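The opening residue of the sequence shown carries number 1229 in the working numbering; numbering runs sequentially from there.
Built from N, CA and C at the ideal position, the CB exists for glycine as well.
The structure displayed is predicted, hence computed values, not measured ones.
For reference, the structure discussed in these notes is given below.
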Amino acid sequence: MKTSKKKVENEARRDFLKQSSVLSALVLSPGKAVQDPKWDEKVAAPFEKVALKLEVNGVKHNLSVEPRTTLLDLLREQLHLTGTKKGCDFGQCGACTVHSDGQRVNSCLTLAVTEDGKKITTIEGISKGDDLHPMQEAFIKHDGFQCGYCTPGQIMSGIACIREGHADTEDEIREYMSGNICRCGAYPNIVDAIMEVKKGGQTV
């Protein structure tokens, strides 16, 4: 079985952290290593993961993550909320847009540990059961998507665009939605959907 490059890098990093922390601790307290056979693992553990408390879509989570884990990877890989998409992984396409305490963020550029104690909302958290969010309904009505890959990020940004007061004109919407790329070119339909929700005065 072929081992992925990312997995190899993660294992190498953990080994390095473990060895470095153990060597440092050994210098400070050499006697403990002899008394406890699992002493090295106990010393290294705090350097590998940190505790994190998040409320995601109204559900509170007590998590343990590596310091370099992005919010996007946490949502997708640990919480299995795969509606938030990994597009470019460089903050350039907007497919990973979520709300943090009501503000839109690119989750691929946001370290999970910086969100400790915050309320995160993803595409899975905006509807109420079978009742779609007004923005979701507008996207369907105006055919604001084709392949659908960018749609979760577009919808989350569209909601934020209205909340931020940047949806008074079509030009304003285009400007403040410019961080979200639609490779299928459904931009006019996306603008129409946002305009309808804005004009309808619906709660977002």
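Beta-carbon proximity list for residue i, same chain, < 8 Å, skipping 5 on both sides
{"i": "L1339", "result": "P1295, R1296, T1297, T1298, L1299"}
{"i": "D1344", "result": "L1280, K1281, L1282"}
Within 8 Å, strictly: CB atoms of residue i and residue j
{"i": "Q1374", "j": "I1418", "result": "no"}
{"i": "C1336", "j": "K1356", "result": "no"}
{"i": "M1217", "j": "I1387", "result": "No statement about residue 1217 is possible, as the shown extent of the chain runs from 1229 to 1432 and does not include it."}
Contacts around residue i, its chain only, beta-carbon distance under 6 Å, and the 5 residues preceding and following it disregarded
{"i": "H1289", "result": "L1282"}
{"i": "E1398", "result": "V1419"}
{"i": "A1395", "result": "C1389, I1401, I1422, K1426"}
{"i": "D1447", "result": "Residue 1447 lies beyond the range of the chain shown here (1229 to 1432); nothing can be said about it."}
Residue i - DSSP class collapsed to helix/strand/coil
{"i": "L1299", "result": "helix"}
{"i": "S1328", "result": "strand"}
{"i": "S1385", "result": "helix"}
{"i": "E1398", "result": "helix"}
{"i": "N1417", "result": "helix"}
{"i": "I1354", "result": "coil"}
{"i": "A1340", "result": "helix"}
{"i": "E1456", "result": "With the chain running from 1229 to 1432 in the structure shown, residue 1456 is simply not present."}
{"i": "A1323", "result": "coil"}
{"i": "I1390", "result": "helix"}
8 Å contact criterion, which residue i and residue j should meet: CB distance rounded
{"i": "T1342", "j": "S1385", "result": "So it is not a contact: roughly 20 Å between Cβ atoms."}
{"i": "G1311", "j": "T1349", "result": "About 11 Å; that fails the 8 Å criterion."}
{"i": "C1412", "j": "A1323", "result": "So it is not a contact: roughly 12 Å between Cβ atoms."}
Residues near residue i by beta carbon distance below 7 Å, same chain, minus five either side
{"i": "H1308", "result": "none"}
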